[in-house]
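Undergrad: Sharing a structure here in structure tokens format.
Residue numbers (our numbering): -2 to 262.
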């Protein structure tokens, strides 16, 4: 058997190099293309993006979408559930605001791969308990805003593994005392807003373990002086809102005896 001719060998090597470079180019260009499409959709519906520059100037000249998208703001924009599928390619996303949109549970399934997400705003959307199930894998979430959504007490069970959660807004939802039981293990919580919910004195017992809590808002709830007793184990509590509750001046004074540095309104 004769050896391959040198020219044929060189041709095969050259072809292999071309294929290799093509594969590498595709691996780089395809994510950039997907990101470009996502940005186009975001801007088309009235949203904005924040970028974090990555790579050298020359690389950025070759690939226009090398900048990492870290924030997407779509408040009151025309984004739909189907439109959110474009965001699934923004794997470096850290903050996403969707307040005031028509987004519902179906749309949130497209966010389940955004593992770097830290801040998520869903205020005034159609999201319910089923939607929260799609967030249970996002372990880096630190702030979730759910003001005026369809969340119920049962839905909070999907948040129990989000141990990095520092802020949670549930104003205007139907959350009750049972729901607060699901929050008892979120010991990193610093900000908890429950205005206008169905929380009462019994529910505050579940917050005893939240020793990192700094701001607690209970305006418009059924909390009374008796409930404030359960807050005495929160040495870091700096601000407490009890407007339109059954709390009296006597109850506030008793709280100040234990937490003298807590501002109450």
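By construction, the Cβ of each residue, glycine as well, lies at the ideal position given by its N, Cα and C atoms.
What would DSSP say about residue 215, mapped onto helix, strand or coil?
TA: Three-state DSSP puts residue 215 in coil, outside helix and strand.
Undergrad: Tell me the DSSP secondary structure of residue 76 in three-state form.
TA: DSSP places residue 76 in coil when its eight states are reduced to three.
Undergrad: For the alpha helix (DSSP H) containing residue 129, list its first residue and its last residue.
TA: 126 to 129 is the extent of the alpha helix (DSSP H) around residue 129.
Undergrad: Apart from the five residues on each side of it in sequence, which residues of its chain come closer than 6 Å, Cβ to Cβ, to residue 81?
TA: Excluding positions up to five away in sequence, the list reads 104, 107.
Undergrad: Look up residue 16 in the DSSP assignment and say whether it is helix, strand or coil.
TA: Interpretation of residue 16 is limited by its pLDDT of 46, a score under 50 that renders its predicted location unreliable; the figure taken from the coordinates is listed afterwards. In the structure shown, residue 16 sits in a helix (DSSP, three-state: H, G or I).
Undergrad: Look at the Cβ atom of residue 154, then the Cβ atom of residue 179, and state whether they are nearer than 7 Å.
TA: Yes, the Cβ-Cβ distance between residue 154 and residue 179 is below 7 Å.
Undergrad: If you follow the beta strand (DSSP E) that residue 164 is in, where does it begin and where does it stop?
TA: Counting along the chain, the beta strand (DSSP E) containing residue 164 begins and ends at 164 to 166.
Undergrad: Let me know the secondary structure DSSP gives residue 105 once reduced to three states.
TA: If DSSP states are grouped into helix, strand and coil, residue 105 belongs with the helices.
Undergrad: Between the Cα of residue 44 and the Cα atoms of 72, 66, 31, which residue gives the shortest distance?
TA: Of the candidates 72, 66, 31, the one whose C-alpha sits nearest the C-alpha of residue 44 is 72.
Undergrad: I believe residue 114 touches residue 138 by the beta-carbon criterion, under 8 Å. Please report the beta-carbon distance rounded to the nearest angstrom.
TA: 6 Å between Cβ atoms; contact.
Undergrad: Beta strand (DSSP E) containing residue 71: first to last residue?
TA: From DSSP, residue 71 is part of no beta strand (DSSP E); its letter is neither H nor E.
Undergrad: Does the distance from the C-beta atom of residue 227 to that of residue 256 stay below 7 Å?
TA: Not in contact: residue 227 and residue 256 (Cβ atoms no closer than 7 Å).
Undergrad: Below 8 Å on the Cβ atoms is my contact criterion, and I expect residue 120 with residue 96 to pass it. Report the Cβ-Cβ distance as a whole number of Å.
TA: That pair is a contact at about 4 Å.
Undergrad: For residue 162, tell me which candidate among 175, 187, 171, 145 has the shortest Cα-Cα distance.
TA: Answer by Cα proximity: 187.
Undergrad: From which residue to which residue does the beta strand (DSSP E) around residue 42 run?
TA: Run containing residue 42: none; DSSP gives neither H nor E here.
Undergrad: Measuring alpha carbon to alpha carbon, tell me which residue in 31, 79, 89, 78 is nearest residue 49.
TA: Among 31, 79, 89, 78, the Cα nearest to that of residue 49 is on 89.
Undergrad: Residue 211: which of 196, 100, 237 sits nearest, CA to CA?
TA: Minimum Cα distance to residue 211 is reached at 237.
Undergrad: Based on Cα-Cα distance, which residue from 128, 110, 233 lies nearest to residue 134?
TA: Minimum Cα distance to residue 134 is reached at 110.
Undergrad: Over what stretch of residues does the beta strand (DSSP E) that includes residue 263 continue unbroken?
TA: The shown model of the chain, from -2 to 262, leaves out residue 263, and the question about it has no answer.
Undergrad: At 3 residues or longer, what runs of the beta strand (DSSP E) sit wholly inside the stretch 158 to 238?
TA: Runs found: 164 to 166, 188 to 190, 212 to 214, 236 to 238.
Undergrad: In whole angstroms, what separates the C-alpha of residue 124 from that of residue 118?
TA: Rounded to the nearest angstrom, the two C-alpha atoms are 11 Å apart.
Undergrad: On the CB-based measure, 16 or more other CB atoms within 10 Å of its CB, does residue 168 come out buried or exposed?
TA: The residue in question, residue 168, is buried, as its Cβ has 16 or more Cβ neighbours within 10 Å.
Undergrad: Which residue's Cα is closest to the Cα of residue 231: 218, 259, 157, 86?
TA: Residue 231 has its Cα closest to that of 259, out of 218, 259, 157, 86.
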